[in-house]
């Protein structure tokens, strides 16, 4: 199971409970219900600290002070209940929640927040501690976590991102990634959220994407193709999006074909492709 590396984790009823830590560096936690977390975000309990963090963060030269305020804030592990810290191996009971970060939403923050609320699998969404982003807690199925967490995170993130038309933070993919408390009186809560359904994506795509040609010893060029799933499913679109972004960010130059193949392998691996799928992708460059 990619990006989890933990022992078998237990189920919890939905909406369940999570671990709350007094600070992100603490290894001591207490168990609260996810509803308690939402109620606290809606309340004035951390209003002063959140507003002070946002004020300092906006002042040039006060980054260290702002970070000190943030580091002193309590946080939860949306993934569930931990013991002995919030490392992945400390997770005991899964909450059936996955947190997606939408950072730097700027002038679209309120609009993006409203869009997250229209998704049937959104359980919680609120403005983050920075005031410039959204936290989206999505209901998921535990079996999808156990089967391939990296792919689950990528598919859910892409589904949310496509719907709200804003990129999700791909770096926050650790299963037990902490989530800081915030202050948002209008934090969204939906105890009836439906579980996100992982799509049945084909292992071999079927729409060709031309790769720059390989020049043979004869002087002729051999065009290669990667094929992408021809599907309108939002969740399956992460494969097409990955390849589009890779081609855009890594333009072909003569002599760098092998480097491109290796880089594509690393990128695809980080997105949760299986070893078999990685081999098929990279073999197209040989």
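In this note's numbering, the protein residues as written are 1 to 286. Note that the Cβ used here is the ideal one computed from N, Cα and C, for glycine as well.
For residue j and residue i, believed in contact at Cβ under 8 angstroms, the rounded distance
| i | j | result |
| --- | --- | --- |
| residue 184 | residue 42 | 7 angstroms |
| residue 123 | residue 190 | 6 angstroms |
| residue 53 | residue 69 | 4 angstroms |
| residue 121 | residue 196 | 4 angstroms |
| residue 71 | residue 172 | Contact flag wrong, Cβ pair sits at about 17 angstroms. |
| residue 34 | residue 97 | 7 angstroms |
Residue i versus residue j: straight-line alpha-carbon distance, rounded
| i | j | result |
| --- | --- | --- |
| residue 65 | residue 110 | 27 angstroms |
| residue 92 | residue 84 | 10 angstroms |
| residue 232 | residue 159 | Note on residue 232: pLDDT 41, under 50, position unreliable in the model; the coordinate value appears next. Approximately 12 angstroms, taken between the alpha carbons. |
| residue 15 | residue 78 | 11 angstroms |
| residue 23 | residue 81 | 16 angstroms |
| residue 164 | residue 187 | 17 angstroms |
| residue 152 | residue 134 | 19 angstroms |
| residue 177 | residue 261 | 30 angstroms |
| residue 86 | residue 67 | 20 angstroms |
| residue 227 | residue 150 | Any reading at residue 227 is ruled out, since the residue's pLDDT is 43, under 50, leaving its predicted position unreliable. |
| residue 145 | residue 137 | 15 angstroms |
| residue 234 | residue 76 | Model confidence at residue 234 stands at a pLDDT of 45, short of 50, so the residue's coordinates are unreliable; what they give is reported in the following sentence. Taking the straight line joining both Cα atoms gives about 29 angstroms. |
| residue 125 | residue 116 | 7 angstroms |
| residue 161 | residue 167 | 5 angstroms |
| residue 31 | residue 19 | 5 angstroms |
| residue 200 | residue 88 | 27 angstroms |
| residue 170 | residue 141 | 20 angstroms |
| residue 148 | residue 56 | 40 angstroms |
| residue 74 | residue 36 | 14 angstroms |
| residue 27 | residue 174 | 17 angstroms |
| residue 198 | residue 192 | 19 angstroms |
Environment of residue i [buried if 16+ CB atoms lie within 10 Å]
| i | result |
| --- | --- |
| residue 40 | buried |
| residue 47 | exposed |
| residue 51 | exposed |
| residue 94 | buried |
| residue 104 | exposed |
| residue 194 | exposed |
| residue 139 | buried |
| residue 17 | buried |
| residue 264 | buried |
| residue 113 | buried |
| residue 61 | exposed |
| residue 58 | exposed |
Beta-ladder partner(s) of residue i, from DSSP
| i | result |
| --- | --- |
| residue 259 | None; residue 259 has no bridge partner. |
| residue 90 | DSSP output for residue 90 lists no bridge partner at all. |
| residue 101 | 135 |
| residue 21 | 75 |
| residue 95 | DSSP output for residue 95 lists no bridge partner at all. |
| residue 80 | 94 |
| residue 188 | 125 |
Inspect the CB distances between the region 164-183 and the region 119-136 and report whether three or more fall short of 8 angstroms.
yes
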